[in-house]
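Structure first, commentary second.
Numbering (full-length UniProt numbering), first residue to last: 1 to 208.
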């Protein structure tokens, strides 16, 4: 697997509204542990759409790995439309800008600003077609936006090899305990509760 798509809950679905929420580093650490294992199997690219939540934290996790122990790992950010961060708060915009500036590849599925829900559907179809597997931060007991991406991934996997991997509340709890944190149970409760619902060349099967 050379290209993996990472997605998961939006921040508000986890009840996370601050960049300083203690659950964020736990999610990032859990993602990094999965990626390190996949790197041994030939992983080269991680792709996200840059959505505020798991996807942006995943991008930061990738960049942290690239800048520390795994310089060969590359990040692609493929947004559904231009300026998706337009209505975000300034601190979130700063986080987003840092990721976009450091990513190996940046592009947008549609070359306009937001026009309608169809752009998200086009994003999902494109990213699934142009990845070799998917990693979701998603717990079956807490439905939310990742459910729909997982269903689409399952349709692909029914016809050809397309690994579907998940990080659930139990996995996050284990990471929190490994890190000797004191907030892992809080994150598990968040996921088990009611949902609040230019750089390196990257190989596309489709053109944008």
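We put the CB at the ideal spot given by N, CA and C, even for glycine. Here the structure is a predicted model, which means the values were calculated and not measured.
Using a Cβ-Cβ cut-off of 8 Å (strictly less than) and excluding sequence neighbours within five positions of residue i, which residues of its own chain qualify?
i	result
residue 44	2, 3, 72, 73 and 74
residue 145	9, 10, 13 and 197
With DSSP collapsed to three states, give me the class of residue i.
i	result
residue 133	strand
residue 65	helix
residue 104	coil
residue 165	strand
residue 43	coil
residue 16	coil
residue 6	strand
residue 35	helix
residue 127	helix
Within 10 Å of its beta-carbon, does residue i have 16 or more other beta-carbons around it, so buried, or fewer, so exposed?
i	result
residue 142	buried
residue 101	exposed
residue 17	exposed
residue 80	buried
residue 37	exposed
residue 88	exposed
Once you ignore the five residues that flank residue i on each side, which residues in its own chain have a CB closer than 7 Å to its CB?
i	result
residue 157	164
Give me, in chain order, the residues of the same chain whose beta-carbon lies closer than 6 Å to that of residue i; leave out the 5 immediate sequence neighbours on both sides.
i	result
residue 85	93 and 96
Rounded to the nearest angstrom, how far is the Cβ of residue i from that of residue j, given a contact under 8 Å?
i	j	result
residue 139	residue 104	Their Cβ separation, rounded to whole angstroms, is 30 Å, which puts residue 139 and residue 104 out of contact at 8 Å.
residue 128	residue 153	6 Å
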